[in-house]
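Undergrad:
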């Protein structure tokens with residue numbers, strides 16, 4: 016299954032860079048049929064490339080009110096939400112792919128728990144744990160052989 020891991024976030028705002036860092040880790044695995052993109056934000060022009068994949072896993076950091084949560088995984092379907100010029104939701108990006116190219120890949124949105132959004136490049140312990148759980152979830156969703164991946 017051709018898989019794209021699309022991690023995004025601000026690497027200069029501590030935990031907010033978790034998705035970006037996770038994509039860098041997956042890219043270092045150098046697995047066939049798995050690509051990883053690390054980016055600051057989702058862009059409409061990404062829709063053209065998404066359709067080349069069977070599975071797209073979006074990864075971002077977010078603040079959860081429940082301090083015991085490290086990671087959530089949400090299946091995604093194409094859905095146009097309010098279009099904004101500064102922020103694009105994964106479901107909206109999938110909807111653009113569907114409308115423009117009549118195809119949408121299977122998709123999931125992994126949200127890593129974050130608590131520190133101050134300027135900096137260090138992850139909190141909770142976010143580090145969430146990154147580890149997200150890597151495990153990617154292996155599961157993409158049907159990868161765990162022995163072939165390394166963190």
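In the numbering used here, the protein residues as written are 16 to 166. All residues carry an ideal CB built from backbone N, CA and C; glycine is no exception.
1) Along the chain, which unbroken stretches of the alpha helix (DSSP H) at least 4 residues long are found entirely within the region 32–116?
2) How long is the line joining the alpha carbons of residue 24 and residue 49, rounded to whole angstroms?
3) For residue 16, does the count of other Cβ atoms within 10 angstroms reach 16, so buried, or fall short, so exposed?
4) DSSP on residue 22, reduced to helix/strand/coil?
5) Looking at residue 77: is its Cβ nearer than 8 Å to the Cβ of residue 129?
6) With three or more beta-carbon pairs closer than 8 Å as the criterion, would you say the region 140–154 touches the region 106–121?
7) With distances taken Cα to Cα, identify the nearest neighbour of residue 143 among 18, 71, 42, 35.
8) Please name the residue or residues paired with residue 122 in a DSSP beta bridge.
TA: Looking at the coordinates:
1) 33–44, 62–65, 105–116
2) 20 Å
3) exposed
4) strand
5) yes
6) no
7) 35
8) 71, 91
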